[in-house]
Amino acid sequence: LFAFGEDVGKIGDVNQGLRGMQQKYGEERVFDTGIREWTIMGQAIGMAMRGLRPIAEIQYLDYLIYGLSPLSDDLCTLRWRSNNQQAAPAIIRTRGHRLVGVWHSGSPMGMMLGSLRGMHICVPRNMTQAAGMYNTLLQGDDPAIVVEVLNAYRFKEQLPDNVGTFTVPLGVPEVLRTGTDITIISYGACVRVAEEACEKLEDAGVSAELVDIQTLLPFDLPNTCVESLKKTNRVIFLDEDFEGGASAYMMQQVLEKQGG
């Protein structure tokens with residue numbers, strides 16, 4: 003297992019998520035790279051194809067575009083091009099969502115959904131869920147990108163006793179709140195916003211059911227969303243992306259594929 007990227011080694015990434023890892027595991031396994039996302043992605047793909055387990059970091063989701071081509075053209079298509087004979091279980095770690103400043107706050111989810119078919123797209127609502135997703139991904143052989151919530155580094159979470167072993171199933175939403183009047187479907191940073199909205203709706207006498215998608219690819223394999231919609235008969239797709247992006251994708255999946 004290796005972790006690398008801009009500022010990953012010495013300081014443990016820009017948000018200190020890997021603080022102390024280089025000192026613990028050494029400079030050969032946790033190391034810094036130059037400011038070149040294309041190269042970082044190429045390193046990850048090459049290492050994964052040779053049997054290693056790389057976690058390659060892109061500092062912020064905004065910068066994914068600088069390394070998009072090797073992911074879209076090489077990594078996502080590898081199994082298909084090789085007739086399922088080759089695998090590259092590279093994990094791309096990044097952070098974004100929720101506008102917290104003029105820079106480093108992008109959320110190009112529509113671009114990712116159109117370019118990264120062939121990878122898991124994990125959108126955890128907090129760091130605990132992110133840890134479970136990393137544990138899941140390390141047990142499999144598929145490539146994935148994990149988009150951590152940028153402003154979630156500001157919040158404290160209770161550390162699970164089994165943080166190093168518990169897993170979050172991919173493609174399985176979590177119903178965070180049950181309700182009977184309306185279904186709210188969201189992911190990532192917007193889940194916290196939705197939770198606050200549900201409390202205000204409850205004060206107004208509206209019972210809202212909140213569904214956290216957790217992964218956009220794959221999307222809701224057990225059809226949790228449409229089952230909730232059958233109960234409430236009303237749905238809101240909450241997203242911070244532009245029109246026609248992830249919100250339109252979620253709506254299409256629920257209304258067309260699931261027959262909502």
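Residue 243 in the numbering used here is what sits at position 241 of the sequence shown, and the numbering runs on without skipping anything.
Idealized CB from N, CA, C, for every residue including glycine.
By the DSSP assignment, the alpha helix (DSSP H) with residue i in it spans what residues?
i       : result
Asp-205 : 192 to 205
Thr-41  : 39 to 51
Ala-248 : 248 to 254
Leu-80  : 80 to 83
Val-228 : 226 to 234
Gly-112 : 111 to 117
Ala-133 : 129 to 140
What does DSSP give as the partner residue(s) for residue i in the beta ladder?
i       : result
Ser-188 : Asp-214
Cys-263 : Because the chain is modelled from 3 through 262, residue 263 falls outside the range shown and cannot be assessed.
Val-237 : Thr-185
Arg-97  : Glu-150
Phe-33  : Phe-6
Near residue i, which residues of its chain fall below 7 Å by C-beta distance, leaving aside the five closest residues on each side in sequence?
i       : result
Thr-180 : Glu-211
Between the Cα of residue i and those of the options, spot the shortest distance and give me the residue it belongs to.
i       : options                   : result
Glu-176 : Asp-9, Phe-221, Ala-199   : Phe-221
Asn-164 : Gln-131, Ser-74, Ser-209  : Gln-131
Leu-20  : Tyr-251, Tyr-155, Leu-223 : Tyr-155
Met-253 : Phe-244, Phe-239, Ile-60  : Phe-239
Phe-168 : Val-151, Cys-200, Leu-140 : Leu-140
Among the residues of its own chain, which have a CB less than 6 Å from the CB of residue i, if the five just before and after it don't count?
i       : result
Leu-3   : Arg-55
Pro-126 : Ala-132, Met-135
Leu-203 : Ala-210
Grab the span of the beta strand (DSSP E) containing residue i for me, first residue to last.
i       : result
Ala-146 : 146 to 151
Leu-178 : 176 to 179
Excluding the five sequence neighbours on either side, which residues of its own chain have a C-beta within less than 8 Å of the C-beta of residue i, listed in chain order?
i      : result
Gly-22 : Gly-14
Using a Cβ distance threshold of 8 Å, determine whether the stretch 108 to 119 contacts the stretch 32 to 49, with at least three qualifying pairs required.
no
Closer than 8 Å is the cut-off here; do at least three beta carbon pairs connect the stretch 87 to 94 with the stretch 137 to 147?
With a cut-off of 8 Å, the stretch 137 to 147 and the stretch 87 to 94 count as touching, because enough Cβ pairs lie within range.
Could you check whether the stretch 14 to 23 touches the stretch 64 to 82, counting it as contact only if at least three pairs of C-beta atoms, one from each stretch, sit closer than 8 Å?
Counting Cβ pairs under 8 Å, fewer than three are found: no touch.
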